[in-house]
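Enquirer: In my numbering, the protein residues as written are 134 to 235. One structure, as structure tokens, below. Some questions next.
See the structure below:
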């Protein structure tokens with residue numbers, strides 16, 4: 134299943150402080166950590182995420198979903214705030230909204 138994480142206005146401001154490779158690494162790292170807790174496989178395809186800041190979203194592929202997908206992505210949203218907040222130096226509210234495409 135293809136999932137877009139569409140960044141909110143505050144999320145877009147926060148990700149502007151990162152380059153594309155940093156964002157791919159941050160999301161991949163936090164997703165790997167959460168996959169230990171949830172029964173789901175999520176990957177971050179580089180070819181679908183060539184310019185995350187300009188696109189305003191990151192595309193993920195979720196497979197073998199055996200958990201509540203909204204719960205997984207809500208927790209990812211909470212976790213991903215940590216590095217964004219550190220770089221931005223300000224409070225970050227909701228970073229993205231989850232959109233399941235397929």
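For each residue, glycine too, the CB sits at the ideal point set by N, CA and C.
What three-state label does DSSP hand residue 230 in the structure shown?
Expert: strand
Enquirer: Does residue 144 pass the burial test, meaning 16 or more other C-beta atoms within 10 Å, or should it be called exposed?
Expert: buried
Enquirer: Using alpha carbons as the reference points, say which of 178, 225, 211 lies closest to residue 196.
Expert: A check of alpha carbon separations from residue 196 across 178, 225, 211 identifies 178 as the nearest.
Enquirer: Output needed for residue 172: all residues of its chain with C-beta closer than 6 Å, excluding positions within five of it in sequence on either side, in chain order.
Expert: 199, 200
Enquirer: With a CB to CB cut of under 6 Å and the five nearest residues on each side skipped, what residues in its chain are close to residue 227?
Expert: 141
Enquirer: Which residue from 215, 220, 206, 221 puts its Cα closest to that of residue 231?
Expert: Of the candidates 215, 220, 206, 221, the one whose C-alpha sits nearest the C-alpha of residue 231 is 206.
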